[in-house]
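Residue 26 in UniProt numbering sits at position 26 of the sequence shown, with consecutive numbering throughout. Ideal Cβ positions, reconstructed from N, Cα and C, are used throughout, including at glycine. First comes the structure, then the notes that go with it.
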Amino acid sequence: MQPEPFFRDQFSRPHLQNRDFQSMKVERLSIPEVILVTPPRFGDNRGFFSETYNVERMSEAGIDLPFVQDNQSLSRQKGVVRGLHCQLAPYEQGKLVRVTRGAIWDVAVDARTGSPTYGKWVAAELSAENWSQLWIPPGFLHGFVTLEENTEVQYKCTSLYSKVSERAVIWNCPELKIDWPVSEADAILSDKDKVAPHFAEAKGWFSYEK
Numbered sequence: 001m002q003p004e005p006f007f008r009d010q011f012s013r014p015h016l017q018n019r020d021f022q023s024m025k026v027e028r029l030s031i032p033e034v035i036l037v038t039p040p041r042f043g044d045n046r047g048f049f050s051e052t053y054n055v056e057r058m059s060e061a062g063i064d065l066p067f068v069q070d071n072q073s074l075s076r077q078k079g080v081v082r083g084l085h086c087q088l089a090p091y092e093q094g095k096l097v098r099v100t101r102g103a104i105w106d107v108a109v110d111a112r113t114g115s116p117t118y119g120k121w122v123a124a125e126l127s128a129e130n131w132s133q134l135w136i137p138p139g140f141l142h143g144f145v146t147l148e149e150n151t152e153v154q155y156k157c158t159s160l161y162s163k164v165s166e167r168a169v170i171w172n173c174p175e176l177k178i179d180w181p182v183s184e185a186d187a188i189l190s191d192k193d194k195v196a197p198h199f200a201e202a203k204g205w206f207s208y209e210k
């Protein structure tokens with residue numbers, strides 16, 4: 001006689017049946033299309049369990065586009081800046097960003113021409129400790145700075161990577177006035193990001209749809 005499959009036994013246990021796997025903290029930021037979500041974690045002396053993505057819960061939170069690619073980055077130093085990045089149509093990307101080790105200050109900039117918040121930015125700290133995730137919809141620039149060494153970032157994307165469609169804006173563009181928690185002298189960037197254009201070049205990259 002074959003034993004019961006492990007997954008059936010696991011979720012028939014009373015201590016798991018009593019947990020609310022559906023509860024998730026949802027916060028719309030000052031640009032309401034950008035959403036901060038925090039899935040619950042259930043811990044004991046062994047560690048923790050967390051449902052980090054559930055299509056139904058995310059859809060209820062307003063994150064309802066399908067994801068087609070997962071990315072992961074490791075930044076070994078504190079002060080690494082990645083961004084500000086985006087992709088143009090037909091490969092524009094929405095991103096659901098989370099941190100599995102370390103911490104980042106994650107930034108989204110509205111680049112949709114005609115939007116009431118065009119050129120405005122919002123930011124949130126994401127860390128392995130606070131377990132929050134940031135939804136950055138298509139039409140936004142995205143970037144972050146690492147707050148700790150050996151920071152790992154994972155993000156789900158709604159479109160595949162396209163080299164011909166990728167664009168960037170310089171991270172410290174004076175027009176945007178982003179309040180980065182790192183000085184220009186201490187910021188560590190790729191050669192490519194160091195020479196990215198100013199935000200004025202982004203006009204017309206995306207259009208706002210009500």
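Item, Value
"Are there 16 or more other CB atoms within 10 angstroms of the CB of residue 83, so buried, or fewer, so exposed?", "buried"
"Whole alpha helix (DSSP H) runs in the segment 15 to 94 with 4 or more residues, listed along the chain?", "55 to 60"
"Is residue 140 buried or exposed, if buried means 16 or more other CB atoms sit within 10 Å of its CB?", "buried"
"Compute the distance between the beta-carbons of residue 65 and residue 99, then report whether it is under 7 Å.", "no"
"Please return the same chain residues whose Cβ sits closer than 7 Å to the Cβ of residue 188, not counting the five positions on each side in sequence.", "77, 79, 80 and 81"
"DSSP state of residue 106, grouped into three classes?", "strand"
"Opposite residue 141 in the DSSP bridges: which residues?", "109"
"Would you be able to state if there are at least three C-beta pairs under 8 Å between the segment 131 to 139 and the segment 160 to 172?", "no"
"Hey, how far is the Cα of residue 62 from the Cα of residue 160?", "21 Å"
"For residue 144 versus residue 193, is the C-beta spacing smaller than 7 Å?", "no"
"Take residue 34 and list the residues in its own chain whose beta-carbon comes closer than 8 Å to its own, dropping the five residues that flank it on each side.", "28, 108, 122, 134, 135, 136, 137 and 140"
"Just grab the DSSP bridge partners of residue 206 for me.", "112"
"Drop a sphere of 10 angstroms on the beta-carbon of residue 37, count the other beta-carbons inside from all chains shown, and report buried for 16 or more, exposed for fewer.", "buried"
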